[in-house]
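Here's the structure, in structure tokens; my notes come after.
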């Protein structure tokens, strides 16, 4: 699903101040500019319950859409801009080679969905949500790295950590507890497409991850749970990360929960200087992940 092939059915929407015209082949019909379909897409921007109920979310931006295609992420439709500047070769190529239904929107409408105030985006994808169960998921590496984000509140921070996890070779990101939605547009944008490249799994609490660790160890893949905190017992660069690792990043303001502090095999700190009292959660995650990759001497410019 989402694979580029020959052109699919195309529906073009052109709006006036009060109405829009949909042209389908030789037929046309007039509908409200902000019709039920548009309002549904619009709800995916800020209404988590509607995204969850519909199992749909919006993907904005050239790179995220490209990576979604490259990883065969299920896409329901492509919204594209009609009117205004000509579409780029990239956008035209996507539209000309896809079997996914395409829907044209005038600049004002697609700008609303793209949350742009100056320029209207060329393409927006309506994607289907996808979930993976940690209880059945199995990593492929002999010493896998899995990142846990404990109760993140900011979708942007979650997306940034997903991006870092993908960049430094982690096999998955686990979102623990009542937390930000990985399908929120802020998270999708901040991940710059990495959301589509590695599994992002959700669990209720630390016990689910500990059960996963126990399952891995029973199958011959030892894994240690390493927490991060400014009061950690050792510096991040003094810990041996060459074995299987579950790296836990705490909530942005409250840090790791009591359950995680108890569940960790060790807690490390990141030594810092200057006037800063601590690093933000995504920054702490990026520094720790870089150290893991450095110890393993991964080719950071070409992690596959």
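In this note's numbering, the protein residues as written are -13 to 290. Idealized CB from N, CA, C, for every residue including glycine. This structure is a prediction, so every number in the text was calculated from the model and none was measured.
Taking residue i and residue j to be in contact with their CB atoms under 8 angstroms, please state how far apart those CB atoms are, rounded to whole angstroms.
i           : j           : result
residue 180 : residue 149 : 5 angstroms
residue 191 : residue 121 : Their Cβ separation, rounded to whole angstroms, is 13 angstroms, which puts residue 191 and residue 121 out of contact at 8 angstroms.
residue 176 : residue 146 : 5 angstroms
residue 264 : residue 216 : 5 angstroms
residue 133 : residue 151 : 5 angstroms
residue 161 : residue 168 : 7 angstroms
residue 210 : residue 229 : 6 angstroms
residue 212 : residue 252 : 6 angstroms
So for residue i, helix, strand or coil by DSSP?
i           : result
residue 80  : helix
residue 262 : coil
residue 273 : helix
residue 203 : helix
residue 28  : helix
residue 173 : helix
residue 237 : strand
residue 136 : strand
residue 281 : helix
residue 181 : helix
residue 219 : coil
residue 302 : Only positions -13 to 290 of the chain appear in this structure, which leaves residue 302 out of reach.
residue 152 : helix
residue 41  : coil
residue 295 : Only positions -13 to 290 of the chain appear in the structure, and residue 295 is not among them; the question remains open.
residue 193 : helix
residue 214 : strand
residue 255 : strand
residue 34  : helix
residue 20  : coil
Can you tell me whether residue i is buried or exposed, with buried defined as 16 or more other CB within 10 angstroms of its CB?
i           : result
residue 240 : exposed
residue 199 : buried
residue 137 : buried
residue 238 : buried
residue 272 : buried
residue 54  : buried
residue 262 : exposed
residue 33  : exposed
residue 100 : buried
residue 170 : buried
residue 283 : exposed
residue 90  : buried
residue 270 : buried
residue 42  : buried
residue 257 : exposed
Quick one: Cα of residue i to Cα of residue j, how far?
i           : j           : result
residue 278 : residue 104 : 41 angstroms
residue 21  : residue 141 : 28 angstroms
residue 109 : residue 96  : 8 angstroms
residue 119 : residue 71  : 44 angstroms
residue 112 : residue 174 : 12 angstroms
residue 281 : residue 131 : 13 angstroms
residue 65  : residue 75  : 16 angstroms
residue 166 : residue 223 : 29 angstroms
residue 86  : residue 57  : 15 angstroms
residue 128 : residue 155 : 13 angstroms
residue 231 : residue 188 : 18 angstroms
residue 233 : residue 164 : 19 angstroms
residue 27  : residue 268 : 29 angstroms
residue 202 : residue 250 : 16 angstroms
residue 25  : residue 204 : 49 angstroms
residue 126 : residue 38  : 29 angstroms
residue 79  : residue 31  : 26 angstroms
residue 124 : residue 68  : 44 angstroms
residue -12 : residue 153 : Caution is warranted here: a pLDDT of 48 is assigned to residue -12, below 50, making its placement in the model unreliable, and no coordinate value can be reported.
residue 46  : residue 107 : 8 angstroms
residue 63  : residue 98  : 17 angstroms
residue 44  : residue 143 : 18 angstroms
residue 178 : residue 158 : 16 angstroms
residue 102 : residue 81  : 21 angstroms
residue 114 : residue 260 : 45 angstroms
residue 52  : residue 61  : 12 angstroms
residue 247 : residue 77  : 48 angstroms
Can residue i be considered in contact with the ligand SAM, in the sense that its beta carbon sits closer than 7 angstroms to one or more heavy atoms?
i           : result
residue 267 : Summarising the ligand content, the structure contains no ligands, and the ligand SAM is consequently not present.
| query | Which ranges would you report for the alpha helix (DSSP H) in the segment 50 to 96 if only whole runs of at least 4 residues count? | reply | 75 to 82
| In the segment 107 to 132, which residue ranges form an unbroken alpha helix (DSSP H) of at least 4 residues, counting only runs that do not cross its ends? | none
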